[in-house]
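Written out below as structure tokens is the structure these notes cover.
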Amino acid sequence: MSGHGTPVPMVSSKSGPLTGEANVPGDKSISHRSLILGALAIGETKITGLLAGEDVLDTAKAMRAFGAEVTEVDGTWSVHGVGVGGFAEPDNVIDCGNSGTGVRLIMGAMGTSPVTATFTGDASLRSRPMGRITDPLAEFGARAYGRTGGRLPLTLVGAADPVPVRYLLPMPSAQVKSAVLLAGLNAPGETVVIEPEPTRDHTERMLTGFGAEVSAEQTNEGRVITLKGRPELKPQTIVVPRDPSSAAFPVCAALITEGSDVLVPNIGLNPTRAGLFETLRDMGADLSYENPRDEGGEPVADLRAKFSPDLEGIEVPPERAASMIDEYPVLSVVAAFARGRTIMRGVKELRVKESDRIDAMAQGLRAAGVTVEEGEDWWIVEGRGFGDVPGGVTVESRLDHRIAMSFAVLGFATEQPVRIDDASPIATSFPIFESLMATLGAKLERV
């Protein structure tokens, strides 16, 4: 389920030690980009380790709709691309389900091709702002027609004669940066993106791997990324590392569940994605990196997380926010079991994710007995210490996979169970979450 259909209530209860190996799914960010760049290459791209969650599967369907041949046999995906500028006009509406990453990157990839496409998604995605993508695409020459505020459903008319742009990101967003770079592939000359604060750099790394000319330099304006337009992208063989955002859940669960010792192997530790793990260690977590190595240009290691009853609240450096923006919900759960205040600033992006994640977590944590303060761009969790969070509540997932999983983690260590009104959105990013946590010893059941 992706939040479209019948709700799936779930109860998370206080668990014994979580132990064993947690083989989390492939990285969602790299999975999306593998399919899109494979579709823009000439020839066959082979992908293993792809996250087969609903978000990524919706991107695969979209690439087929634009003319690429996308197949899967025994976990190996094959993408026969159509080349830069080769997208065909889709016959039907492109439904991106729950995926903000998918729809924004796909709009960027098609925005400089002379085709028209209409995009929609589930109720959560239809509530999210798309002007942050359609505004820079308009500078290339694309036109967008949608609901008030630029929300889906939205029809995008690609630029017939695109021009290169120089775009200063108004907010730290890897999705916006990536959309502009993907649009720049089919524009002549050089497209330039300036990011005042660094964000995840998978798109730049992968564009280079596919043969595009991409450079980056640090200036007074920030990080300046330059892409040379109209390359012929070369097909690749891609091994997708496991997703650090998915790894966050078994890691955090182990830290707050008494007696736990969990190994999470083969996790991508790109510095633009690993802020949570650095933050947890700053709080005193027993979290170690084993067997560090490099795979496909990305740093990788095995993470070992052990129960950590002496966590201390900290002020998370605001400049770290972009490297862990999706992990703040589950960090707030860990913060509830720490001693003292955990202060999180520079996080207004959380207000416009699949849900208002600050509000969703604040309300649920308060109901569970935790004091939370919040503002537009910050929030503070007053930790109660290990063994002192009551629980015993029903919380709303708000069609948001990360909210549902974060409250599941909370219930493993509260005195009374935590009931989640609808756990179906978990399938969008972590379809094996329920079974994986059960194998580690977690008490999680549908009701």
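In terms of the UniProt record's numbering, the sequence shown is numbered consecutively and its last residue is 447.
Even for Gly, the Cβ is constructed at its ideal location relative to N, Cα and C.
Three-way DSSP call (helix, strand, coil) for THR116 in this model: To locate residue 116, count along the sequence shown from 1; it is residue 116. Residue state, collapsed to three classes: strand.
Measuring CA to CA, which of VAL165, SER15, ASP122, PRO431 is closest to VAL93? Here residue 93 corresponds to residue number 93 of the sequence shown, with the count starting at 1. Ranking the options by Cα distance to VAL93, first place goes to ASP122.
Let me know the alpha helix (DSSP H) ranges lying completely inside the region 179–215, each 4 residues or longer, listed in chain order. 202–209
Which residues in the same chain have their Cβ closer than 8 Å to the Cβ of residue 492, if we skip the five residues on either side of it in sequence? Residue 492 falls outside the range modelled here, since the chain spans only 1 to 447, and no answer is possible.
Does the separation of the CB atoms of MET107 and ALA179 fall below 8 Å? Here residue 107 refers to the residue found at position 107 when the sequence shown is read from its first residue. Here residue 179 refers to the residue found at position 179 when the sequence shown is read from its first residue. Contact flag set, yes.
Pick out whichever of LEU331, VAL372, GLU349 has its Cα sitting closest to the Cα of VAL409. As a working note, residue 409 is residue 409 in the sequence shown. Nearest option by C-alpha distance: LEU331.
Round the Cβ separation of PHE386 and PHE337 to the nearest angstrom and send it over; I've been treating them as touching at under 8 Å. To locate residue 386, count along the sequence shown from 1; it is residue 386. To locate residue 337, count along the sequence shown from 1; it is residue 337. Going by Cβ atoms, the distance from PHE386 to PHE337 rounds to 5 Å, so yes, they are a contact pair.
Would PRO390 and GLU415 be called neighbours here (beta carbons separated by less than 8 Å)? For the purposes of this step, residue 390 is identified with residue 390 of the sequence shown, where counting begins at 1. For the purposes of this step, residue 415 is identified with residue 415 of the sequence shown, where counting begins at 1. Yes, they are a contact pair.
Report back the beta-carbon spacing between GLY81 and THR45 to the nearest angstrom; my notes put them in contact at under 8 Å. Position 81 of the sequence shown, counted from the first residue, corresponds to residue 81. Position 45 of the sequence shown, counted from the first residue, corresponds to residue 45. That pair is a contact at about 7 Å.
Can you tell me whether DSSP reads ARG147 as helix, strand or coil? As a first step, residue 147 is located in the sequence shown; it is residue number 147 there, counting from the start. Looking at ARG147 - three-state DSSP - the assignment turns out to be coil, as it is neither helix nor strand.
Would DSSP call ALA301 helix, strand or coil? Taking the sequence shown and counting its residues from 1, the one referred to as residue 301 is at position 301. ALA301 falls in the strand class under three-state DSSP.
Are the region 316–335 and the region 270–282 touching, with three or more C-beta to C-beta distances below 8 Å? yes
Helix, strand or coil at GLU349 according to DSSP, with G and I counted as helix: By 1-based counting over the sequence shown, the position of residue 349 is 349. Helix, per DSSP.
Could you please give the first and the last residue of the uninterrupted beta strand (DSSP E) stretch that includes GLN236? Reading the sequence shown from its first residue, position 236 is the one you call residue 236. It is not in any beta strand (DSSP E) - GLN236 carries neither H nor E in the DSSP assignment.
Would the region 244–256 and the region 194–206 be scored as touching if the rule is three or more Cβ pairs under 8 Å? no
Check the DSSP bridge columns for ILE30 and list the partner residues they point to. As a first step, residue 30 is located in the sequence shown; it is residue number 30 there, counting from the start. Answer is none; ILE30 lacks a bridge partner.
Proximity winner among GLY146, MET344, GLY340, relative to ALA322 (alpha-carbon distances): Mapped onto the sequence shown, residue 322 falls at position 322. Nearest option by C-alpha distance: MET344.
What span of residues does the alpha helix (DSSP H) with LEU105 cover, start to end? The residue given as residue 105 occupies position 105 in the sequence shown. Where LEU105 is concerned, the enclosing alpha helix (DSSP H) stretches over 100–110.
For LEU51, list the residues DSSP reports as bridge partners. Taking the sequence shown and counting its residues from 1, the one referred to as residue 51 is at position 51. Answer is none; LEU51 lacks a bridge partner.
Beta carbon of VAL24, beta carbon of ALA247: below 8 Å? Sequence index remark: in the sequence shown, residue 24 carries index 24 (1-based). Sequence index remark: in the sequence shown, residue 247 carries index 247 (1-based). For VAL24 and ALA247, yes; Cβs fall inside 8 Å.
Determine contact between the region 348–366 and the region 311–318, defined as no fewer than three beta-carbon pairs at a distance below 8 Å. no
Considering only residues of the same chain and omitting the five flanking positions on each side of PRO136, which have a CB-CB separation below 6 Å? In the sequence shown, the residue the question calls residue 136 occupies position 136. Counting only Cβ-Cβ distances below 6 Å, and skipping sequence neighbours, we find TYR167, VAL180.
Taking the alpha-carbon of MET206 as reference, which of GLU195, GLN236, THR219 has the nearest alpha-carbon? Within the sequence shown, the letter at position 206 stands for residue 206. Looking at the Cα atoms, GLN236 is the closest of the given residues.
Go ahead and label residue 472 buried or exposed: buried means 16 or more other beta carbons lie within 10 angstroms of its beta carbon, across all protein chains shown. No answer is possible for residue 472: it lies beyond the span of the chain, which begins at 1 and ends at 447.
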